[in-house]
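Note sheet for the following structure.
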Amino acid sequence: MLEANDAQIARAEEMVAASGAKKVGFVGISFKPGTDDLRESPLAELASRLIGTGVEVDVYDPYVYEAYASENATAGRGNAVIPDLKDRLVPDLDTLIEGADAVLVGNYYRETAPALEKAMTKLPVLDLARMNRGVVSHGSYQGICW
């Protein structure tokens, strides 16, 4: 299982490299939507790898952001790979999209769908969560393991 997960992270890293993006906006960083828990999060590992290669990473994750904003003692729990995560968090999706060369959807949040579908028309969107089952890979929109 760990080998398969690592292969998925490597594939996503290749997708980002192929996009040519120097700044990537992550939608979601926790190990699953609806939590601020980063323990064993493949998204955190992916972000760390990208940062290590010189890619700038910003993150929109409403649950992780809220945990930090409310000074929750467990904010960022399980995060051992992104030491400056708090500084990379962006409070709203529009700001994330406006500042990114590409958007990586790691966790699907229903309220993000309209803005992400609009972003597909102007930016590479790399969808790891399959936010819309009716959309297939094309042009600037790519998915993984569907």
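Its first residue numbered -17, the sequence shown is counted upward by one per residue in the numbering used here.
Glycine included, C-beta positions come from ideal geometry on N, C-alpha and C.
Taking C-beta atoms under 8 Å as the contact rule, L28 and E(-4) fail to qualify, at a distance of about 11 Å. Shown here, A84 sits in a strand according to DSSP, grouped into three states. Taking D40 as reference, the option from D19, L25, E53 with the minimal CA-CA separation is L25.
Taking the Cα positions, A55 is about 12 Å away from D18. Nearest to L75 by alpha-carbon distance, out of A(-11), G34, Q(-10), Y90, is Y90.
Secondary structure at D19: coil, using DSSP grouped into helix, strand and coil. Per DSSP, Y47 lies in no beta strand (DSSP E) segment; the continuous alpha helix (DSSP H) that holds it begins and ends at 44 to 51. G81 is positioned such that its CB atom lies closer than 8 Å to that of G7.
Distance from the CA atom of G34 to the CA atom of N61, rounded to whole angstroms, is 16 Å. No Cβ-Cβ contact shorter than 8 Å links G121 with R112.
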